[in-house]
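Following: one structure in structure tokens, then a few remarks.
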Ligand SMILES: [Fe+2]
Ligand SMILES: [Fe+2]
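In the working numbering, the protein residues as written are 1 to 499.
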């Protein structure tokens, strides 16, 4: 279909802006949506995306990607992989689809914001492809889990999760609404595409693909790596906009957006990807630990990228690096303990071999998180499973909307970071979480966390059952131990031998 070679027209079409005559420029690009920050139109025309693509090429490549992923799925369907897979891996799949599929669809509207309102024509052009990418990601990640809905209603949460008040869904929506649904086009390009997509989607879509390939789940490995190739392209919208902001003296604004979005992304990944990689994925299939993946993708690559652009390492970097050793262990312990409140079955991942692995990857694990698991294990061995289930609710952070955790045992550092603002007391899980709130209190102040709603009497009856009903979790949907406590048998034998 192409008559001209791409190089003959691309630069012209990519920089096409025009002077509106029926409306003013401000009416065409309201500041609240475009976020041009007073930088004139012609400066935005300098937007130069590193990854160039034209529509004909886009359609051809996407068609190949889609047919690749769907044909791998079709070819492997008869092997009944999911039926025979380790239940911990199945939980990874269920958690992933519920947390990711519908937000991908929402990301399409974030892309649409740039496609319509960015004053950089190249940004608008790239974002149109981004919209089509995110539509594909939403569709394919709803289609793949759908075939399993007859096995368990938990699979249905691929579609259902984001439409409920389940606590993880609340946390994910709070984050994604902040990054991509309620910001101007330029902020979306920086907070969503640069900080979240270049920084973190690599972790979920390439790191987890490595684990999937190890686990023999070629359908999932193929699916998510095909998604990441799109992310790698449309994530490049933030960089050129950052360059324009920096050239126009707006480094402080740019840095703040990166710092907020990066921290928020990290917290979400600590509860989602951390447990998947270090606890749910069967030991023999773990490509690397969560911390090693983070060191490779985030510390190594993302830090270099922000320096190349001329930005600084976020101010809380030391705390972030330290948190790589701890936060996700606390999140995992909490998710397993409050297991009826999630739509997947958390795998404990604390058999003796797994504990050896954890101790090797995270020296000191046995003395800290291990000591909490010891209590759980003793209760299960003693036949008192009722003592391993929740009777109370955890303290929830008013920024991340996930539990406030820290290191248990001798290195105890669990701490609330409170803030009184306009007569209301807010609680945060860390200094950076509180700092994010302080950057724009008017943006966050009205939100009620799950606990705030509980204390306000919005959840009735005020007990676990009331909470589960409020979260939309019915029997058959709420989580339980992935392996039905089979791993406890080893400890029983051990104890019998000892006595
Ligand atoms: Fe996506
Ligand atoms: Fe994306």
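Just so you know, even glycine gets a beta-carbon here, dropped at the ideal spot from N, CA and C.
Contact under 7 Å by Cβ, residue i with residue j
i, j, result
"residue 215", "residue 412", "no"
"residue 176", "residue 275", "no"
"residue 509", "residue 186", "Outside the shown range of the chain (1 to 499) lies residue 509, about which nothing can therefore be said."
"residue 417", "residue 428", "yes"
"residue 398", "residue 426", "yes"
"residue 325", "residue 280", "no"
"residue 259", "residue 340", "no"
"residue 373", "residue 350", "yes"
"residue 450", "residue 402", "no"
"residue 99", "residue 246", "no"
"residue 65", "residue 226", "yes"
"residue 467", "residue 459", "yes"
"residue 476", "residue 153", "yes"
Minimum C-alpha distance to residue i - residue among the options
i, options, result
"residue 502", "132, 452 and 146", "Past the boundaries of the shown model lies residue 502; the chain is included only from 1 to 499, so the question cannot be answered."
"residue 8", "54, 33 and 20", "54"
"residue 479", "345, 402, 473 and 404", "345"
"residue 438", "450, 453 and 422", "422"
"residue 93", "456, 148 and 30", "148"
"residue 198", "3, 294 and 79", "294"
"residue 393", "383, 404 and 386", "404"
"residue 382", "435, 352, 446 and 485", "485"
"residue 360", "152, 78, 278 and 434", "278"
"residue 5", "52, 30 and 24", "52"
"residue 453", "167, 26 and 124", "167"
"residue 79", "200, 49 and 218", "218"
"residue 76", "369, 144 and 189", "144"
"residue 268", "200, 60, 343 and 321", "200"
"residue 367", "124, 410, 61 and 105", "410"
"residue 384", "442, 312 and 492", "492"
"residue 352", "251, 488 and 25", "488"
"residue 573", "27, 155 and 25", "Since the first and last residues shown for the chain are 1 and 499, residue 573 lies out of range."
Cα-Cα separation, residue i to residue j
i, j, result
"residue 131", "residue 107", "8 Å"
"residue 253", "residue 469", "42 Å"
"residue 160", "residue 63", "28 Å"
"residue 70", "residue 42", "43 Å"
"residue 391", "residue 462", "12 Å"
"residue 414", "residue 495", "31 Å"
"residue 249", "residue 255", "12 Å"
"residue 238", "residue 193", "6 Å"
"residue 165", "residue 472", "7 Å"
"residue 233", "residue 298", "18 Å"
"residue 12", "residue 126", "14 Å"
"residue 288", "residue 208", "10 Å"
"residue 483", "residue 73", "26 Å"
"residue 31", "residue 15", "20 Å"
"residue 356", "residue 498", "20 Å"
"residue 151", "residue 448", "35 Å"
"residue 322", "residue 29", "43 Å"
"residue 84", "residue 300", "36 Å"
"residue 308", "residue 490", "51 Å"
7 Å Cβ cutoff, residue i in contact with chain B
i, result
"residue 114", "The structure shown contains no chain B; it holds only a single protein chain."
Contact belief for residue i with residue j at Cβ below 8 Å, rounded distance in angstroms
i, j, result
"residue 141", "residue 158", "7 Å"
"residue 228", "residue 205", "4 Å"
"residue 101", "residue 68", "Rounded, the Cβ-Cβ distance is 19 Å, inconsistent with contact."
"residue 408", "residue 86", "Going by Cβ atoms, the distance from residue 408 to residue 86 rounds to 28 Å, so no, they are not a contact pair."
"residue 319", "residue 406", "No, residue 319 and residue 406 are not in contact; Cβ-Cβ is about 12 Å, not under 8 Å."
"residue 33", "residue 117", "4 Å"
"residue 114", "residue 189", "6 Å"
Cut-off 6 Å between Cβ atoms - residues of its own chain near residue i, not counting five sequence neighbours on either side
i, result
"residue 266", "none"
"residue 35", "184, 185, 186 and 187"
"residue 270", "327, 328 and 331"
"residue 111", "127, 130, 131 and 134"
"residue 169", "161 and 162"
"residue 434", "417, 419 and 428"
"residue 174", "401"
"residue 358", "365"
Own chain partners of residue i with C-beta closer than 7 Å, once the 5 adjacent residues on each side are dropped
i, result
"residue 261", "179, 191, 195 and 196"
"residue 133", "230 and 234"
"residue 58", "129"
"residue 17", "41, 45 and 121"
"residue 82", "90 and 148"
"residue 211", "277, 281, 285, 286 and 287"
"residue 354", "283"
"residue 333", "369 and 372"
"residue 441", "421"
Chain-order list of residues whose beta-carbon lies under 8 Å from that of residue i (same chain, five-residue window excluded)
i, result
"residue 388", "337, 376, 379 and 380"
"residue 244", "39, 43, 44, 46, 47 and 120"
"residue 109", "180 and 181"
"residue 264", "175, 178, 179, 399, 400 and 436"
"residue 257", "187, 190, 191 and 195"
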